[in-house]
DNA sequence: TGTAAATCGATGTGATCACATTGCTTTGCT
DNA sequence: AGCAAAGCAATGTGATCACATCGATTTACA
C-alpha cells in the first residue's frame, strides 16, 4: 500500500458533461433510440473512443444524461425562483415551478422533450424508473410543502389537501406539456389552464 | 384486362391483427425498442417470414400496432359506456372515458403502457405524431361535446368553457395515468383526483 | 523525475437488425 | 382444371451496434 489511488484529472467532470450534453441534444431532436456511441461522439465533436472511455456501458451514458438533464432543469428553475428576490411567496414559487414544466422556448422545449423520452424509457428500464420515482417524490413533496405554507396562513380554500393537490397540479402540468410538445395545444393556453388550476386552490 | 386484381385472402385481416397484437404485447412489457421482426414472430408464434410478408417495412408494423391499440381501447370504452344502458348521461360517459385513461387492471395497464410508448415515439416520428394528433383532436372534441350538452341543460358551473376544460381533464388524466404506471401514485387515488376535478365543473 | 494511473484514439468482434431474394405451397377465381 | 396471385419459410446481405482490446500519450503525485 505505498500508493493512494489517483483521482481523475481536473477536466474529468467537464468532459463528462460535454458528452452528456451531446446525448441530451440527440435525444431532444431525434429521440433516445438515436443515441449511439458514434452519434454521441459526432455530436460532441470527440472520438468514439473518448465516449467509451468515460462511459464504459451505454446504460451509464443514458443515466448520466438523465441526471445532467435534471441538473440543468433544477438550475433553470432555481434561477427563476430567486430572480424576483428572496421574498417570493409560496404561491409565486409554486407558479414558477409549474410553469417551467410547460415548454415556452427552444431550451425548455428541448429539456421537456428529453424528459418525455425518459419517462417512456422508465416503463422498460428499472434503473431509469427508480431515478424518476425519486425525482417525482422530491418534486411532489416540495410543492406540497409550498401549499402547506399558504395553508398555514389561511390563504388556501378550506378542504384543500396539499399532498393530493400537489400531485394533481404536476400531473396536469405534464399532461399539458405533452400537448404543447406535439402541437395539439398552444403554450399560452396551457399556461392559462395551469394558472386557472392554481387559482382554484386559493381563496 | 381479362383478370380483376385478386383481393387478399379471407384470413388476411385476422393474421394481421395477430401480429399487431404481438407487437402490442412486446411494447407493453419491454418497450418499443424491443420490437423486431424476430421478437414479434416469436411472440406471435409464427415465422419471421410471415411477419415480413404482412408488414414489408418496420414502420408499417409500428403504425399498424398503434392503430390496433387504439381500436382495442375504443372497443373497451364503447363497451363500458353502453353497459349501463343507452340512457347514460353526458357526465357519466365523460367519467367513464376519463377513468379508462387511468390503469386499473392488467389489461388497461398494458394498453396505457403502449400508449405512453407511442406518445414518446411521436416526438421523433412524424407519422406517429400525425396519428396521435388526430386521435387527441377526436378525444378532446368528444369530451367537449359532452360538456356542452350538460352546459346547455344548466348543469355546469357558470364560466366553465367546455373546450378548455375538456383538454384540461384529459391532460390531468394522462398525467395521473403515468404516475400510476411507474408506481408513484396509487390507481385509486388517481381516480379520486379525477372525480374531484370533474365535480369541480358541475354545480 | 519516476511511475502508475488516466486518457483516448484506433481497430476488432460478434450480435442483431431491417430488408432483399428465392422458391415452394396454397388459395381463389374463371 | 388451370393459372395467377397470395402466402410464407428459408436464407442472404450490408449496416450498425455495444463492447473488447491494444497501444501510445499525458497527467498527477510521490
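Protein chains in written order, with my numbering: chain H, 1 to 203; chain S, 1001 to 1203. For every residue, glycine included, the Cβ atom is placed at its ideal position computed from N, Cα and C. Being a predicted model, the structure only gives us computed values, none of them experimental.
- Item | Where residue 202/H sits in the DSSP three-state scheme | Translated into the one-based positions of the first chain, residue 202/H becomes position 202. Note: residue 202/H maps to strand in three-state DSSP.
- Message: Give me, in chain order, the residues of the same chain whose beta-carbon lies closer than 7 Å to that of residue 1174/S; leave out the 5 immediate sequence neighbours on both sides.
- Response: As a working mapping, residue 1174/S is identified with position 174 in the second chain. Around residue 1174/S: 1101.
- Task: Answer with buried or exposed for residue 107/H, where buried requires no fewer than 16 other C-beta atoms within 10 angstroms of its C-beta.
- Result: Counted from its first residue, the first chain places residue 107/H at position 107. Exposed, by the Cβ-count rule.
- Tell me residue 156/H's beta-bridge partners as DSSP assigns them. The residue you call residue 156/H lines up with position 156 of the first chain. DSSP, once it has assigned bridges, lists 202/H as partnering residue 156/H.
- Task: For chain S, find out if any of its Cβ atoms is closer than 8 Å to the Cβ of residue 188/H; answer yes or no.
- Result: The residue you call residue 188/H lines up with position 188 of the first chain. For residue 188/H, the answer is no, since every Cβ of chain S falls outside 8 Å of its Cβ.
- Message: Out of 111/H, 189/H and 9/H, which one is the CA nearest neighbour of residue 1165/S?
- Response: Position 165 of the second chain, counted from the start, is the residue given in the question as residue 1165/S. Closest by alpha carbon: 189/H.
- Message: Does the CB of residue 1174/S have a neighbour CB from chain H at under 8 Å?
- Response: The residue given as residue 1174/S occupies position 174 in the second chain. Chain H, which has a Cβ nearer than 8 Å to the Cβ of residue 1174/S, makes this yes.
- I think residue 131/H touches residue 28/H, with their Cβ atoms under 8 Å apart; what is that distance to the nearest whole Å? Within the first chain, the letter at position 131 stands for residue 131/H. Within the first chain, the letter at position 28 stands for residue 28/H. Not a contact, Cβ separation roughly 19 Å.
- Task: Could you spell out where the alpha helix (DSSP H) holding residue 1044/S opens and where it closes?
- Result: Numbered from 1 along the second chain, position 44 holds the residue referred to as residue 1044/S. First-last of the alpha helix (DSSP H) with residue 1044/S: 1037–1044.
- Pull up the distance between the alpha-carbon of residue 1147/S and that of residue 202/H, whole angstroms please. Here the question's residue 1147/S lines up with position 147 in the second chain. Here the question's residue 202/H lines up with position 202 in the first chain. Rounded to whole angstroms, residue 1147/S to residue 202/H spans 25 Å at the Cα level.
- Message: Spatial neighbours of residue 1008/S within its chain, please: C-beta separation below 8 Å, excluding the five flanking residues on both sides.
- Response: Here residue 1008/S is taken as the residue at index 8 of the second chain, counted from 1. For residue 1008/S, where only same-chain residues beyond five positions count, there are no Cβ hits under 8 Å.
- Message: Helix, strand or coil, according to DSSP, for residue 1101/S in the structure here?
- Response: Taking the second chain and counting its residues from 1, one reaches residue 1101/S at position 101. Reduced to three states, the DSSP call for residue 1101/S is coil.
- Message: For chain H, check one thing: does any of its Cβ atoms lie closer than 8 Å to the Cβ of residue 1116/S?
- Response: Counted from its first residue, the second chain places residue 1116/S at position 116. True, the Cβ-Cβ gap to chain H drops below 8 Å.
- In terms of residues, what are the limits of the alpha helix (DSSP H) holding residue 1073/S? In the second chain, the residue the question calls residue 1073/S occupies position 73. Note, residue 1073/S: alpha helix (DSSP H), 1058–1083.
- Item | Contact belief for residue 97/H with residue 32/H at Cβ below 8 Å, rounded distance in angstroms | Your numbering for residue 97/H matches position 97 in the first chain. Your numbering for residue 32/H matches position 32 in the first chain. About 25 Å separates the beta carbon of residue 97/H from that of residue 32/H, a gap too long to meet the 8 Å contact definition.
- Item | Nearest residue (CA-CA) to residue 1118/S, options 1151/S, 1159/S, 1059/S and 1076/S | Start at 1 with the first residue of the second chain, and residue 1118/S comes out as number 118. Relative to the Cα of residue 1118/S, the nearest Cα in the group 1151/S, 1159/S, 1059/S and 1076/S belongs to 1059/S.
- Task: Give me the Cα-Cα distance between residue 1036/S and residue 1191/S, rounded to the nearest whole angstrom.
- Result: In the second chain, residue 1036/S corresponds to position 36, counting from 1. In the second chain, residue 1191/S corresponds to position 191, counting from 1. Approximately 35 Å between the Cα atoms of the pair.
- Message: Can you tell me where the alpha helix (DSSP H) holding residue 118/H begins and where it ends?
- Response: For this step, residue 118/H is matched to residue 118 along the first chain. Note, residue 118/H: alpha helix (DSSP H), 106–122.
- Length of the line joining the Cα atoms of residue 90/H and residue 150/H: Counting from one through the first chain, the residue named residue 90/H turns up at place 90. Counting from one through the first chain, the residue named residue 150/H turns up at place 150. Near 7 Å, if we compare the C-alpha coordinates of residue 150/H and residue 90/H.
- Item | Close Cβ partners of residue 1099/S (< 7 Å) along its chain, the five nearest in sequence each way excluded | Taking the second chain and counting its residues from 1, one reaches residue 1099/S at position 99. Only 1191 and 1194 meet the Cβ criterion.
- Message: Counting only C-beta atoms, is residue 138/H closer than 8 Å to chain S at any point?
- Response: Start at 1 with the first residue of the first chain, and residue 138/H comes out as number 138. No, its Cβ sits nowhere closer than 8 Å to a Cβ of chain S.
- Query: residue 1018/S to residue 1030/S, Cα distance in whole Å?
  - Reply: Working through the second chain from its first residue, we reach residue 1018/S at position 18. Working through the second chain from its first residue, we reach residue 1030/S at position 30. Using only the alpha carbons, I get a separation of about 18 Å.
- Task: Quick one: using the 10 Å Cβ neighbour count with 16 as the cut-off for buried, is residue 1154/S buried or exposed?
- Result: Along the second chain, read from residue 1 onward, the residue named residue 1154/S stands at position 154. Counting Cβ neighbours within 10 Å, residue 1154/S comes out exposed, since fewer than 16 surround it.
- Chain-ordered chain H contacts of residue 1062/S [CB-CB under 9 Å]: Residue numbering aside, residue 1062/S sits at position 62 when the second chain is read from its first letter. Near residue 1062/S there are no residues of chain H at all, since even the closest Cβ is about 12 Å away, more than 9 Å.
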